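K.L.:
In the numbering used here, the protein residues as written are 1358 to 1487. For every residue, glycine included, the Cβ atom is placed at its ideal position computed from N, Cα and C. The structure presented is a predicted model; accordingly, all values stated were derived computationally and were not measured. The structure's right below; bear with me while I get my questions together.
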């Protein structure tokens, strides 16, 4: 079974607006003739860094979790992590996130995006193959 954490529409629009604003100001700054590109390398690098942060923030807001008898497939918006069922100790509710967390061997905790707190039992069942 798969659980998906959708990006809020308002956040998507806000980040798109921020991306377009930073890109527009950057293009205007260098095409209007006020500043030469070679004289403002640090400014350009900082603007590109801001664009990278905006894109990373957008990607991190989405994600999905798939549970099966083979294990967990967790996609946090940027990267996918495959966890075999044998290495999952348990799945517990995480009250601070209002979601679920898989506790792995060694005590490492892996957030399960898209899984609500009341679906913890279902994730456990899917991992056991029921």
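Which runs of the beta strand (DSSP E) at least 3 residues long sit entirely within the segment 1430-1482? Give them in chain order.
P.N.:
Whole beta strand (DSSP E) segments, 3+ residues: 1437-1441, 1445-1451, 1456-1461, 1466-1473.
K.L.:
Starting from the C-beta of residue 1444, find all residues in its chain whose C-beta is less than 8 Å away, skip the five residues before and the five after it, and write them out in chain order.
P.N.:
Taking the chain shown and counting its residues from 1, the one referred to as residue 1444 is at position 87. Excluding residues within five positions, the ones whose Cβ falls inside 8 Å are 1428, 1461, 1462.
K.L.:
Taking only runs that begin and end inside the segment 1396-1426, name each unbroken beta strand (DSSP E) of 3 or more residues, in chain order.
P.N.:
Taking only runs of at least 3 residues, the beta strand (DSSP E) segments lying wholly in the segment 1396-1426 are 1420-1425.
K.L.:
With DSSP run on the structure shown, which of helix, strand or coil describes residue 1362?
P.N.:
As a working note, residue 1362 is residue 5 in the chain shown. Residue 1362: strand per DSSP, three-state reduction.
K.L.:
In this structure, how does DSSP classify residue 1391 when only helix, strand and coil are distinguished?
P.N.:
Here residue 1391 refers to the residue found at position 34 of the chain shown. Coil.
K.L.:
Does the beta-carbon distance from residue 1438 to residue 1467 come in below 8 Å?
P.N.:
Against the chain shown, residue 1438 aligns to sequence position 81. Against the chain shown, residue 1467 aligns to sequence position 110. Going by C-beta atoms, residue 1438 is nearer than 8 Å to residue 1467.
K.L.:
Going by DSSP, which residues form a beta bridge with residue 1428?
P.N.:
Walking along the chain shown from the start, residue 1428 turns up at place 71. Residue 1428 is bridged to 1425, 1441.
K.L.:
Using a 10 Å radius around the Cβ and a threshold of 16 neighbouring Cβ atoms, would you call residue 1452 buried or exposed?
P.N.:
Along the chain shown, read from residue 1 onward, the residue named residue 1452 stands at position 95. Looking at its Cβ environment, which holds fewer than 16 other Cβ atoms inside 10 Å, residue 1452 is exposed.
K.L.:
Would residue 1372 and residue 1402 be called neighbours here (beta carbons separated by less than 8 Å)?
P.N.:
Taking the chain shown and counting its residues from 1, the one referred to as residue 1372 is at position 15. Taking the chain shown and counting its residues from 1, the one referred to as residue 1402 is at position 45. Going by C-beta atoms, residue 1372 is not nearer than 8 Å to residue 1402.
K.L.:
State the Cα-Cα distance for the pair residue 1382 and residue 1398, rounded to the nearest angstrom.
P.N.:
Start at 1 with the first residue of the chain shown, and residue 1382 comes out as number 25. Start at 1 with the first residue of the chain shown, and residue 1398 comes out as number 41. Taking the straight line joining both Cα atoms gives about 15 Å.
K.L.:
Tell whether a beta-carbon distance below 8 Å holds between residue 1418 and residue 1431.
P.N.:
Locating residue 1418 in the chain shown gives position 61, where the first residue counts as 1. Locating residue 1431 in the chain shown gives position 74, where the first residue counts as 1. Not closer than 8 Å, so no.
K.L.:
Compute the Euclidean distance between the alpha carbons of residue 1476 and residue 1377, then round it to the nearest angstrom.
P.N.:
As a position in the chain shown, residue 1476 is number 119, starting the count at 1. As a position in the chain shown, residue 1377 is number 20, starting the count at 1. Roughly 38 Å between the two C-alpha positions.
K.L.:
Going by the beta-carbon positions, is the gap between residue 1486 and residue 1469 smaller than 8 Å?
P.N.:
Locating residue 1486 in the chain shown gives position 129, where the first residue counts as 1. Locating residue 1469 in the chain shown gives position 112, where the first residue counts as 1. No, the Cβ-Cβ distance between residue 1486 and residue 1469 is not below 8 Å.
K.L.:
On the three-state DSSP scale, how would you describe residue 1486?
P.N.:
As a working note, residue 1486 is residue 129 in the chain shown. Residue 1486 falls in the coil class under three-state DSSP.
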